[in-house]
Structures are given as C-alpha cells and as structure tokens.
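Q: My questions will all concern the structure given below.
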Amino acid sequence: LGLLNPTIVDCTTDEELAGSYVEFLSNGYNVVCANKKANTASMAYYREIRDAAARNFRKFLYETNVGAGLPVIDTLQGLIRSGDELNTFEGILSGSLSMIFGLLEDGVPFSKAVARAMELGFTEPDPRDDLSGMDVARKLLIIARKVGLELELDDIDVQPVIGEGFAADAAVAELPARMADLDGEFAARIAEASEQGAVLRYVGRIEDGACRVSVEAVPSDKPLGAIRDGENALVMHTDYYQPIPLVLRGYGAGAEVTAAGVFADIMRTAFRPLDQ
108 LGLLNPTIVD CTTDEELAGS YVEFLSNGYN VVCANKKANT ASMAYYREIR DAAARNFRKF
168 LYETNVGAGL PVIDTLQGLI RSGDELNTFE GILSGSLSMI FGLLEDGVPF SKAVARAMEL
228 GFTEPDPRDD LSGMDVARKL LIIARKVGLE LELDDIDVQP VIGEGFAADA AVAELPARMA
288 DLDGEFAARI AEASEQGAVL RYVGRIEDGA CRVSVEAVPS DKPLGAIRDG ENALVMHTDY
348 YQPIPLVLRG YGAGAEVTAA GVFADIMRTA FRPLDQ
C-alpha cells in the first residue's frame, strides 16, 4: 500500500482478531492494542508475537492492557532495562471493583454498591464478569510475564468476589436484587476488617513466582488502603525500590484515559525505538 508507518489498532476484546497479530506483524504492520487477549494467550503465542515483531522490525505496544492510561508497561520496561528486579507486587487493578469496595467502606450494602457501579458505567455490561476476578487475573498475568515469569492464565489462583456460578440464571437487570442475599455477608466482613484497622480490597499479588487475586483486608494506612472510587494502584517492591516501594496510582478505567493511552502508543510507533 506504500504506507509510511502502517499500524493496526485493536480496541476490541475479540479473541480471533488477537490471534491475527503475528500475521499483521509479519506483513509489516505495527500493532497497538487495548485488547488483552493476545498477551494472556499461551506462552507459545506470546513469544510468537514478539519474535514476529523483532524479525520484521515492527512494534507491538499494549500500554493500556493494564491501568488504562497509567504508564504501567513503560515503567516495568524501564525497570528491566536498568537491571532492576521485581521482588513482590501488589495492586488494585480493577476500576469497577475499586468503586464497589469503596462504596462498601462507606456502609453501602453490597447489592446497592454493585448497582451504583453499573449505573456509573464502571462495570462490564454483565457485572459478573468483573466479580469473577478474571479480568484482574489477566492484567496480573501481563505484569508477571513482563517481568519474566513464564506463566499461563490457569496458573493464577483466582478467588472471585462472589461464588462461582452465583445467580448464573439471572438476567443482568435482576442481579442487584439477587445480590441482596450477600449484603449481610459483606457487611460482616467489612465490620471485621474495620475492627483490625483495615478495609476490604480486591488485590492482585505476585510473590515467589506465584500469582493470586482475591479479596483482602488491607491496612488503612497502606497505599492500597486509600484506593477507591475507580482508582488503580500498583505497588512494586524491587531491588532498587526498597524499603519504600515504587507506587503508580490513578484512574485505571474510562474511555478518555484509555483513548489517551492508545493514542500515546500510536505516537510511539513513529517516534520511539523498537521496544516490546
């Protein structure tokens, strides 16, 4: 086509399209994606993408896979280049769950917190997708692979917010009413955490080569204890950043910040060195 800097931009969640990245790169296109499916596919495909990019002098950029517009991937890349090593990681990686657990902290019943997050557009069309923990697991896997852990999605210990299969037969509009059955359970957990000077948060952790996502009681005076209202936070304990960790914090969801991150990656295809 004679294009100077041809670039495919994937803002879908389509698995089939993500499966075409090697073909795109092999045919001379850069790939910029918000779609997390490629980076959380098999390790074999993960390597194929990077091999195709290097072999064809193309770029594969995916800053918005984790944290929307937050510079997560770029920061990790900088740490790796400098010779630093990630020792442990903890993060709140879901804007929707950040919103829900912040409302719980304010005393809002669980069912109403979910309904409010739905009204504000923080959740997926079906909030069970958020509450399953799988979106957080995908983001955690991307971070883990970026720092050199060769893990598959099935290797992550995923503890969902609600029991697997809860209200599986309910229509989306019926969910808040069905989730009222869980209000008492979450109120008790919030009260127990509060007695310990803690708050409930949905946290992703990398430690000793293993990954886990689960609801945790987090001390209120720690970085993750202050995260709510749709914010994300990533706390990185590295060889260089200790005993005080490196912390990234900001809104990790929303069309505007995600669009800004995608646009920044598009600009990087033109102005930055080859960087995977």
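For the sequence shown, position 80 matches number 187 in the working numbering, and the numbering has no gaps at all.
Backbone N, C-alpha and C define an ideal beta-carbon position, used for all residues, glycine too.
Nothing here was measured: the structure is a model prediction, and the numbers come from that model.
(1) For Val-306 and Gly-198, which I take to be in contact (beta-carbon distance under 8 Å), what is that distance rounded to the nearest angstrom?
(2) Here's a check: name, in chain order, each residue in its chain whose Cβ is nearer than 6 Å to the Cβ of Asp-213, leaving out the five neighbours to either side.
(3) Candidates Asn-137, Thr-119, Thr-147 and Thr-345: which alpha carbon is nearest Ala-362's?
(4) Buried or exposed: where does Ser-322 fall if 16 or more other Cβ atoms within 10 Å of its Cβ makes it buried?
(5) Quick one: is the Cβ of Val-268 within less than 7 Å of any heavy atom of the ligand FAD?
(6) Using only CA atoms, which one of Glu-155, Phe-217, Leu-248 and Glu-338 lies nearest to Glu-130?
(7) Can you tell me which residues form a DSSP beta bridge with Leu-132?
(8) With a CB to CB cut of under 7 Å and the five nearest residues on each side skipped, what residues in its chain are close to Ile-385?
(9) Based on Cα-Cα distance, which residue from Thr-171, Glu-338, Leu-256 and Phe-217 lies nearest to Ile-373?
(10) Go ahead and label Gly-190 buried or exposed: buried means 16 or more other beta carbons lie within 10 angstroms of its beta carbon, across all protein chains shown.
(11) Are the Cβ atoms of Ala-340 and Val-354 separated by less than 8 Å?
(12) Does Pro-330 come out as helix, strand or coil in the three-state DSSP assignment?
(13) Return the CA-CA distance between Ala-360 and Asp-233, expressed in angstroms with no decimal places.
(14) Tell me whether the beta-carbon of Val-265 lies closer than 8 Å to the beta-carbon of Met-241.
(15) Pull up the CB-CB distance for Arg-63 and Ile-334, whole angstroms please, since I reckon it's below 8 Å.
(16) Let me know the alpha helix (DSSP H) ranges lying completely inside the stretch 176-244, each 4 residues or longer, listed in chain order.
(17) Going along the chain, which residues of its own chain have a beta-carbon closer than 7 Å to the beta-carbon of Tyr-169, five neighbours each way excluded?
(18) Could you check if Arg-245 is buried or exposed, using at least 16 other CB atoms within 10 Å of its CB as the buried criterion?
(19) Roughly how many angstroms separate the alpha carbons of Leu-210 and Asp-328, rounded to a whole number?
(20) Under 8 Å by Cβ, that's how I've got Ile-142 and Asn-112 pegged, so tell me the actual separation to the nearest angstrom.
(21) Which value, in whole angstroms, describes the spacing of the CA atoms of Ser-239 and Pro-283?
(22) Any idea if Ile-351 is buried or exposed, counting beta-carbon neighbours within 10 angstroms, 16 or more meaning buried?
(23) Given a cut-off of 8 Å, decide if Phe-217 and Asp-290 are closer than it, judged by their beta-carbon atoms.
A: So, from the listed chains and residues:
(1) Residue numbering aside, residue 306 sits at position 199 when the sequence shown is read from its first letter. Residue numbering aside, residue 198 sits at position 91 when the sequence shown is read from its first letter. Actually they are not in contact, since the Cβ atoms of Val-306 and Gly-198 sit about 15 Å apart, beyond 8 Å.
(2) Walking along the sequence shown from the start, residue 213 turns up at place 106. In the same chain as Asp-213, and ignoring 5 residues on each side of it, no C-beta atom comes closer than 6 Å to its own.
(3) Taking the sequence shown and counting its residues from 1, one reaches residue 362 at position 255. For the options Asn-137, Thr-119, Thr-147 and Thr-345, the alpha carbon positioned closest to that of Ala-362 is the one of Thr-119.
(4) On the sequence shown, position 215 is the one that residue 322 refers to. It is worth fixing the name first, because residue 322 is Val in this sequence and not Ser. Classified as buried, Val-322 has 16 or more neighbouring CB atoms from the shown chains inside 10 Å of its CB.
(5) This structure does not include the ligand FAD; it has no bound ligands of any sort.
(6) Taking the first residue of the sequence shown as 1, we reach residue 130 at position 23. For the residues Glu-155, Phe-217, Leu-248 and Glu-338, the minimum Cα distance to Glu-130 belongs to Glu-155.
(7) As a position in the sequence shown, residue 132 is number 25, starting the count at 1. Under DSSP, Leu-132 shares a beta bridge with no residue.
(8) Because the chain here runs from 108 to 383, residue 385 falls outside it and cannot be looked at.
(9) Counting from one through the sequence shown, the residue named residue 373 turns up at place 266. Nearest option by C-alpha distance: Thr-171.
(10) Taking the sequence shown and counting its residues from 1, one reaches residue 190 at position 83. When all chains shown are included, Gly-190 counts as exposed.
(11) Residue numbering aside, residue 340 sits at position 233 when the sequence shown is read from its first letter. Residue numbering aside, residue 354 sits at position 247 when the sequence shown is read from its first letter. Yes, Cβ-Cβ distance for Ala-340 and Val-354 is below 8 Å.
(12) The residue labelled residue 330 in the question sits at position 223 within the sequence shown. Assignment of Pro-330 by DSSP, reduced to helix, strand and coil, places it in the helix class.
(13) Taking the sequence shown and counting its residues from 1, one reaches residue 360 at position 253. Taking the sequence shown and counting its residues from 1, one reaches residue 233 at position 126. If you take the alpha carbons of Ala-360 and Asp-233, they lie about 16 Å apart.
(14) Taking the first residue of the sequence shown as position 1, residue 265 is located at position 158. Taking the first residue of the sequence shown as position 1, residue 241 is located at position 134. A contact, by the Cβ cut-off of 8 Å.
(15) Any property of residue 63 remains undetermined from this structure, which presents the chain solely from 108 to 383.
(16) The stretch 176-244 contains these whole alpha helix (DSSP H) runs: 179-188, 202-212, 217-226 and 235-238.
(17) One-based indexing of the sequence shown puts residue 169 at position 62. Around Tyr-169: Cys-140, Asn-146 and Ile-180.
(18) Looking up residue 245 in the sequence shown gives position 138. Counting Cβ neighbours within 10 Å, Arg-245 comes out buried, since at least 16 surround it.
(19) Translated into positions along the sequence shown, residue 210 becomes position 103. Translated into positions along the sequence shown, residue 328 becomes position 221. Looking at the backbone, the Cα of Leu-210 and that of Asp-328 are separated by about 18 Å.
(20) Residue mapping note: residue 142 aligns to position 35 of the sequence shown, counting from 1. Residue mapping note: residue 112 aligns to position 5 of the sequence shown, counting from 1. This sequence places Asn at residue 142; Ile is not what is there. About 20 Å separates the two Cβ atoms, so there is no contact after all.
(21) Translated into the one-based positions of the sequence shown, residue 239 becomes position 132. Translated into the one-based positions of the sequence shown, residue 283 becomes position 176. For Ser-239 and Pro-283, the distance between alpha carbons rounds to 16 Å.
(22) For this step, residue 351 is matched to residue 244 along the sequence shown. By the 10 Å Cβ count, Ile-351 comes out exposed.
(23) In the sequence shown, counting from the first residue as 1, residue 290 sits at position 183. In the sequence shown, counting from the first residue as 1, residue 217 sits at position 110. Contact: yes.
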